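For reference, the structure discussed in these notes is given below.
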Amino acid sequence: MMTIGLNASPVVGSSCEMLVRRVLEGAASAGSKTLMFNLNDLDILPCQSCGESPYPMNCFYNDSMDEIYKWLIEGDIIVFGSPVYFDTVSAQAKLLIDRCNCLRPAIFPTGSESSPEGVKFLDRGLKKRKGVIILSGGQRQKFDCARTVIKGFFKWINIVFAGEIDMRGNSLRAGLAVERPELPEVAFALGKMLAGG
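The numbering of the sequence shown is the working numbering, which starts it at 1 and goes up by one.
Next up, the structure:
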């Protein structure tokens with residue numbers, strides 16, 4: 001059992017980072033191995049929309065995504081945390097998501113089959129994994145768009161949505177989740193339940 005944490009917050013010690021870590025700690029308490037990626041510290045090139053499939057490679061470009069692809073494919077539980085900026089995921093989250101387009105590359109129709117309905121996507125046989133969403137933002141932020149983006153990403157690479165934790169704060173101070181002890185407890189319990197179940 002392997003639980004992977006993806007923290008898309010650029011702020012060290014953020015609520016988002018703290019809650020992703022707590023889910024991983026809960027999973028570890030149930031015997032899962034864990035690995036955390038702080039996306040802001042990595043070298044991830046934006047998707048270049050190459051227009052052709054890199055299969056059997058994951059991408060034509062080599063950067064920090066090489067390691068992330070490996071664990072996105074091999075992991076059993078994926079914990080994706082992002083702050084909510086302008087009602088959607090952070091730039092760090094979107095970089096990763098866009099670069100995963102080629103985990104199901106398009107197969108375009110040939111000849112007279114030029115309609116969009118003719119486009120198919122390569123089934124790479126990605127195993128079903130469990131996915132957790134962590135979102136953090138201000139009191140007035142709308143989380144719906146961020147949630148839709150991450151759920152769409154999960155569906156794209158065969159991750160089954162298994163839970164969500166939302167953190168709303170009333171200041172820009174990092175780590176406000178520590179002032180709401182029920183949230184870290186919920187995060188820990190969710191990780192433990194998913195890894196133990």
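Ideal placement from N, C-alpha and C gives every residue a C-beta, glycine not left out. Only a predicted model underlies this, so the values are computations on that prediction, with no experimental measurement involved.
DSSP-derived helix/strand/coil call for residue i
{"i": "D168", "result": "Here residue 168 is Arg; the residue named in the question, Asp, does not match the sequence. In this structure, R168 counts as strand in the three-state DSSP scheme."}
{"i": "R129", "result": "strand"}
Beta-carbon proximity list for residue i, same chain, < 7 angstroms, skipping 5 on both sides
{"i": "I68", "result": "F37 and L96"}
{"i": "G270", "result": "Residue numbering for the chain in the displayed model covers 1 to 197; residue 270 lies beyond these limits and cannot be assessed."}
Neighbourhood of residue i by C-beta, 6 angstroms cutoff - its chain only, sequence neighbours within 5 removed
{"i": "Q141", "result": "V84"}
{"i": "D76", "result": "M1, M2 and R129"}
{"i": "F154", "result": "G131 and F161"}
{"i": "N40", "result": "P10 and Q92"}
{"i": "S32", "result": "M1, T3 and A195"}
Distance between residue j and residue i (C-alpha atoms, nearest Å)
{"i": "D123", "j": "Y61", "result": "21 angstroms"}
{"i": "G5", "j": "L183", "result": "17 angstroms"}
{"i": "K199", "j": "F108", "result": "Only positions 1 to 197 of the chain appear in this structure, which leaves residue 199 out of reach."}
{"i": "D144", "j": "L190", "result": "21 angstroms"}
{"i": "D63", "j": "S49", "result": "16 angstroms"}
First and last residue of the uninterrupted alpha helix (DSSP H) at residue i
{"i": "L24", "result": "S15 to S29"}
Close-in-space but distant-in-sequence residues of the same chain around residue i (CB under 8 angstroms, 5 per side omitted)
{"i": "A91", "result": "Y85"}
{"i": "S53", "result": "C102, P105, A106, I107 and L122"}
Where the beta strand (DSSP E) through residue i begins and ends
{"i": "T3", "result": "M2 to N7"}
Check whether the stretch 156 to 168 and the stretch 8 to 24 are in contact - that is, three or more C-beta pairs closer than 8 angstroms. Taking 8 angstroms as the limit for Cβ pairs, the verdict is that the stretch 8 to 24 does touch the stretch 156 to 168.
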